[in-house]
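Novice: Residue numbers (our numbering): 1 to 491.
Heads up, the beta-carbon is just placed ideally off N, CA and C, and yes, glycines get one too.
If you scroll down you'll find the structure; I have some questions about it.
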Ligand code: GLU
């Protein structure tokens with residue numbers, strides 16, 4: 001079997017989004033599955049579009065998901081440097097060899113001239129290609145410094161005629177007429193190579209066996225194939241991953257809200273859930289399984305499992321996967337990861353009782369789509385209700401006197417008894433309802449709103465067991481004050 005060497009080759013021209021990281025992930029999974037090598041290469045030759053901080057953001061996103069390169073930028077290896085701006089000498093030399101063999105040439109056409117030709121061709125409804133004016137001029141090449149000094153570029157001498165074809169793993173055979181291909185620029189006036197040239201040179205020298213990348217590069221691949229062939233290099237197998245769409249079926253973009261991995265972490269999505277979710281964006285293990293561990297994904301990953309149809313980024317599915325991961329964790333573990341969200345809202349602090357917090361999350365673990373939901377769903381366990389969902393009780397009781405009466409009776413019963421377990425609380429509540437001659441559900445509702453402030457949540461008796469008698473009494477006292485206040489105001 002062929003040695004698998006794959007790479008993730010981001011350009012630090014913007015912050016990494018879900019699509020970039022999915023590409024990194026699929027390369028990583030393929031390498032891990034085939035005992036291959038996963039390489040990280042930084043493609044920073046478009047100097048004008050570099051964005052400060054984006055390289056760091058790429059590294060952070062990869063490390064968040066524990067997608068670690070075996071080789072490459074930050075990891076070292078025998079085929080470095082792995083940052084293109086440090087490989088200028090390599091491109092310079094290959095360009096010299098190509099010029100020597102007349103598969104490339106120096107061009108000194110001015111921008112004005114190029115603009116004119118393009119405008120004319122567009123007017124004639126033709127492909128706005130370069131007219132190859134300099135192709136036979138044999139302008140001298142003395143390395144990239146000379147290009148910079150003279151404002152010249154190196155162009156590829158693309159074949160005039162014939163047909164080229166190659167096999168794209170997912171899309172099948174691709175054919176194109178050579179006459180449709182431009183004499184593309186290989187090295188620019190600033191001495192840096194173009195993406196197309198550097199990408200091919202590096203993939204060759206880094207012995208890349210498979211290129212797994214986004215479908216936006218499909219149109220660049222014929223250019224790459226022509227370069228490989230003219231250099232007599234074996235091309236890698238091209239695999240263009242399916243596009244990722246937003247829920248409106250349009251290509252996923254910033255319009256759809258957050259598309260950065262870090263933002264999802266800030267929202268309380270676990271990296272392991274994100275890893276699972278991203279792996280299913282265009283790949284399937286061959287059955288309907290949707291919850292797979294990292295190890296399972298690696299062992300099942302194959303190019304055959306990739307799909308050509310678009311993948312849809314469904315945030316609801318991401319939250320569902322996340323909730324499944326959360327529900328499998330211990331309460332203590334969930335607390336340790338949700339703490340940051342609760343701290344931010346000052347709901348917990350360094351002195352919070354971890355044992356108590358663990359019980360809280362044990363109770364809530366099947367009800368948390370995101371860790372950040374802890375604020376709303378766990379908040380009242382740590383802080384006495386600071387607001388009451390008035391609508392919830394005003395709708396259910398004939399007046400504030402009614403709820404006040406029930407809560408007063410409950411308070412007395414709880415103070416008198418020593419309820420500890422959920423069963424104790426249930427028995428006590430049923431007994432009190434009976435004494436009052438009302439339905440248990442009415443009393444449950446009165447108690448819930450009074451001690452949690454809200455009308456929904458886990459089972460009330462479980463809540464009572466966790467919160468405990470003392471806290472409950474204090475909260476009932478607070479609630480009663482509020483009800484009394486309402487009564488006096490309405491009189
Ligand atoms: N530098 C390209 C990018 O920004 C890499 C394309 C490729 O993988 O060939 O995505």
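#1: Does residue 448 pass the burial test, meaning 16 or more other C-beta atoms within 10 Å, or should it be called exposed?
#2: Ends of the beta strand (DSSP E) at residue 166?
#3: Could you pull the start and end residues of the alpha helix (DSSP H) that residue 425 belongs to?
#4: Within the continuous alpha helix (DSSP H) that includes residue 26, where are the two ends?
#5: Give a yes or no on contact between the stretch 149-163 and the stretch 203-217, applying the rule of three or more CB pairs nearer than 8 Å.
#6: Classify residue 306 as helix, strand or coil using the three-state DSSP reduction.
#7: To test your reading of the DSSP string, which unbroken beta strand (DSSP E) runs of 3 or more residues are found completely within the stretch 45-123?
#8: Using a Cβ-Cβ cut-off of 8 Å (strictly less than) and excluding sequence neighbours within five positions of residue 354, which residues of its own chain qualify?
#9: Please list, in chain order, all residues of the same chain as residue 291 whose beta carbon is under 6 Å from its beta carbon, the five residues on each side excluded.
#10: For residue 193, list the residues DSSP reports as bridge partners.
#11: Just tell me which of 416, 433, 427 and 15 has its CA closest to the CA of residue 52.
#12: Smallest Cα separation from residue 134: which of 429, 54 and 109?
#13: Using the C-alpha atoms, what's the distance from residue 229 back to residue 30?
#14: Does DSSP classify residue 246 as helix, strand or coil?
#15: Closer than 8 Å: is that where the CB of residue 43 sits relative to any heavy atom of the ligand GLU?
#16: Round the Cβ separation of residue 388 and residue 453 to the nearest angstrom and send it over; I've been treating them as touching at under 8 Å.
#17: Does the pairing of the stretch 66-76 with the stretch 174-188 give three or more beta-carbon distances under 8 Å?
#18: Residue 487 and residue 467: beta carbons closer than 9 Å?
#19: Do you know how far the Cα of residue 307 is from the Cα of residue 284?
#20: Report the three-state DSSP secondary structure of residue 283 (helix, strand or coil).
#21: Looking at C-alpha atoms only, which residue of 404, 91 and 429 is the closest neighbour of residue 414?
#22: Any idea what DSSP makes of residue 377, helix, strand or coil?
#23: Near residue 277, which residues of its chain fall below 6 Å by C-beta distance, leaving aside the five closest residues on each side in sequence?
#24: So, with DSSP's three-state summary, where would you put residue 213?
#25: Using the beta-carbon count (16 or more within 10 Å), is residue 259 buried or exposed?
#26: Quick one: is residue 122 buried, meaning 16 or more other Cβ sit within 10 Å of its Cβ, or exposed?
#27: Is residue 242 close to the ligand GLU? I mean its beta-carbon at under 8 Å from any heavy atom of the ligand.
#28: Using a threshold of 9 Å, state whether the C-beta atoms of residue 382 and residue 347 are closer than that.
#29: Determine, using beta-carbon pairs with one atom in the stretch 412-426 and one in the stretch 465-481, whether at least three such pairs fall under 8 Å.
#30: Helix, strand or coil for residue 411? Go by DSSP, reduced to three states.
#31: Since residue 91 and residue 41 are thought to touch, with beta carbons under 8 Å apart, how far apart are those beta carbons, to the nearest angstrom?
#32: Roughly how many whole angstroms lie between the Cα atoms of residue 146 and residue 157?
#33: When we look at the beta-carbon of residue 43 and count the other beta-carbons within 10 Å, is it buried (16 or more) or exposed?
#34: What's the gap between the Cα of residue 263 and the Cα of residue 408?
#35: Compare the beta carbon distance of residue 401 and residue 480 with 9 Å and say whether it is the shorter of the two.
#36: The beta strand (DSSP E) with residue 175 in it runs from where to where?
Specialist: On the basis of the data shown:
#1: By the neighbour-count rule (16 or more Cβ atoms within 10 Å), residue 448 is buried.
#2: Residue 166 -> beta strand (DSSP E) spans 163-168.
#3: Looking at the DSSP string, the run of the alpha helix (DSSP H) that includes residue 425 is 422-436.
#4: First-last of the alpha helix (DSSP H) with residue 26: 18-33.
#5: No, the stretch 149-163 does not touch the stretch 203-217.
#6: Of the three classes helix, strand and coil, the one that applies to residue 306 here is strand, per DSSP.
#7: Fully contained in the stretch 45-123 are the following beta strand (DSSP E) runs of length 3 or more, in chain order: 104-107.
#8: Residues 332 and 335 of the same chain have their beta carbon placed closer than 8 Å to that of residue 354, with the five preceding and five following residues left out of the count.
#9: So the qualifying residues of the chain are 324.
#10: Its beta-bridge partners are 187.
#11: Checked all of 416, 433, 427 and 15; the closest Cα to residue 52 is 15.
#12: Nearest option by C-alpha distance: 109.
#13: Cα to Cα, residue 30 sits roughly 26 Å from residue 229.
#14: Coil, per DSSP.
#15: Yes.
#16: About 5 Å separates the CB atoms of residue 388 and residue 453; that is less than 8 Å, so the two are in contact.
#17: Between the stretch 66-76 and the stretch 174-188 there are fewer than three C-beta pairs closer than 8 Å, too few to call the two in contact.
#18: For residue 487 and residue 467, no; Cβs fall outside 9 Å.
#19: Cα atoms of residue 284 and residue 307: separation of roughly 8 Å, rounded to the nearest angstrom.
#20: Correct three-state label for residue 283: strand.
#21: Of the listed residues, the one whose Cα sits closest to residue 414 is 429.
#22: DSSP, read as helix, strand or coil, puts residue 377 in helix.
#23: The answer, listed in chain order, is 318 and 321.
#24: DSSP, reduced to helix, strand and coil, places residue 213 within a strand of the structure shown.
#25: Classification for residue 259: buried.
#26: Only exposed fits residue 122, as fewer than 16 other CB atoms lie within 10 angstroms of its CB.
#27: Residue 242 has its CB no nearer than 8 Å to any heavy atom of the ligand GLU.
#28: At the C-beta level, residue 382 and residue 347 come within 9 Å of one another.
#29: Using a C-beta cut-off of 8 Å, the stretch 412-426 makes contact with the stretch 465-481, since at least three inter-stretch Cβ pairs fall below that distance.
#30: In this structure, residue 411 counts as helix in the three-state DSSP scheme.
#31: No, residue 91 and residue 41 are not in contact; Cβ-Cβ is about 14 Å, not under 8 Å.
#32: Cα to Cα, the separation comes out at about 20 Å.
#33: Buried, since its Cβ has 16 or more Cβ neighbours within 10 Å.
#34: One C-alpha to the other measures close to 46 Å.
#35: Cβ distance not < 9 Å, so residue 401 and residue 480 don't count as in contact.
#36: Taken as a continuous stretch (DSSP letters only), the beta strand (DSSP E) holding residue 175 covers 172-177.
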